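Heads up, the thing below is written out as structure tokens.
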Amino acid sequence: MLQEIYDLLKWGPTSANSSPARFVFVRTAEGKAKLKEALSPGNIEKTMSAPVTAIVATDPAFHDRLPLLYPRAPDARDWFAANPALAEDTAVRNATLQGGYLILAVRALGLDAGPMSGFDRARVDELFLAGTGWRSNFLVNIGYADRAGAAAAAPLPPRDPRLSFDEACRLE
Ligand SMILES: Cc1cc2nc3c(=O)[nH]c(=O)nc-3n(C[C@H](O)[C@H](O)[C@H](O)COP(=O)(O)O)c2cc1C
Numbered sequence: 096m097l098q099e100i101y102d103l104l105k106w107g108p109t110s111a112n113s114s115p116a117r118f119v120f121v122r123t124a125e126g127k128a129k130l131k132e133a134l135s136p137g138n139i140e141k142t143m144s145a146p147v148t149a150i151v152a153t154d155p156a157f158h159d160r161l162p163l164l165y166p167r168a169p170d171a172r173d174w175f176a177a178n179p180a181l182a183e184d185t186a187v188r189n190a191t192l193q194g195g196y197l198i199l200a201v202r203a204l205g206l207d208a209g210p211m212s213g214f215d216r217a218r219v220d221e222l223f224l225a226g227t228g229w230r231s232n233f234l235v236n237i238g239y240a241d242r243a244g245a246a247a248a249a250p251l252p253p254r255d256p257r258l259s260f261d262e263a264c265r266l267e
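Take the position in the sequence shown, starting the count at 1, then add 95; the result is the number in the numbering used here.
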């Protein structure tokens with residue numbers, strides 16, 4: 096299923112097809128134990144009980160793959176190599192988008208996705224990403240939520256409200 100999730104999310108668009116996100120799927124008991132020490136207290140229980148936690152990371156050297164990913168512009172690597180600010184902006188925007196595509200892909204396949212930014216990024220980078228140059232952005236718990244079990248313990252709260260169209264959108 097992780098392969099299926101990736102094969103769906105990879106089709107989401109990124110600028111110059113840069114595809115700067117990288118994903119570490121933490122599945123094993125050892126991996127979960129390592130992750131636990133970097134989590135905010137409120138995120139520990141759900142992360143320990145999820146079958147998989149994805150570390151959504153960013154590869155700041157994403158442009159090295161542009162000869163493969165964006166062959167229509169043979170000099171695309173140099174646009175970013177010569178402009179670190181553009182490279183950083185592009186990496187952050189597109190890797191975060193790809194994290195969103197991951198959430199949508201997970202849900203489209205009938206699974207539940209629980210994104211989290213409550214964790215120590217530097218610690219996760221040290222524990223899971225050493226030697227790669229990648230940087231963690233956020234985490235996503237993946238699995239089937241135990242709604243019946245949760246509802247038996249305490250009534251499930253409704254979804255949080257959202258801003259209305261008029262509050263969040265303008266027509267020009
Ligand atoms: C980037 C991101 C980070 C989040 N971080 C956390 C987190 O650390 N812990 C948590 O319990 N929920 C976290 N959430 C979940 C949000 O709080 C939740 O999606 C929001 O309150 C809406 O809830 P609903 O979709 O159930 O209505 C995060 C969501 C996103 C997209």
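For every residue, glycine included, the Cβ atom is placed at its ideal position computed from N, Cα and C. Bear in mind that the values here come from a model prediction, so they are computed numbers and not experimental data.
Reference residue i; option with closest CA among the options
| i | options | result |
| --- | --- | --- |
| Phe-233 | Ser-259, Asp-170, Ala-149, Ala-168 | Ala-149 |
| Thr-123 | Lys-105, Pro-210, Met-143 | Met-143 |
| Ala-249 | Asp-241, Asp-255, Glu-183 | Asp-241 |
| Gln-98 | Phe-175, Ala-225, Val-201 | Val-201 |
Contacting residues, own chain, Cβ-Cβ under 7 Å from residue i (five flanking each side not counted)
| i | result |
| --- | --- |
| Gly-107 | Leu-192, Gln-193, Tyr-196 |
| Pro-256 | none |
Cβ neighbour criterion (16 or more within 10 Å) applied to residue i
| i | result |
| --- | --- |
| Arg-117 | buried |
| Ala-245 | exposed |
| Asp-154 | buried |
| Ser-259 | exposed |
Simplified DSSP assignment, three categories, for residue i
| i | result |
| --- | --- |
| Thr-191 | helix |
| Ala-225 | coil |
| Pro-115 | coil |
| Thr-123 | coil |
| Gly-107 | coil |
| Ala-149 | strand |
| Gly-209 | strand |
| Arg-160 | helix |
| Leu-266 | coil |
| Arg-257 | coil |
Contact check, residue i vs residue j, beta carbons under 8 Å
| i | j | result |
| --- | --- | --- |
| Arg-172 | Pro-162 | yes |
| Gly-213 | Ala-145 | no |
| Ile-100 | Leu-251 | no |
| Leu-222 | Lys-129 | yes |
| Ala-133 | Asp-215 | yes |
| Val-187 | Gly-209 | no |
Residues of its chain near residue i, where Cβ-Cβ distance is below 6 Å and the 5 sequence neighbours each way are ignored
| i | result |
| --- | --- |
| Asn-189 | Thr-109, Ser-110, Ser-113, Pro-115 |
Heavy atom of ligand 3 within 7 Å of residue i beta-carbon
| i | result |
| --- | --- |
| Met-211 | Ligand 3 is absent from the structure shown, which contains only ligand 1. |
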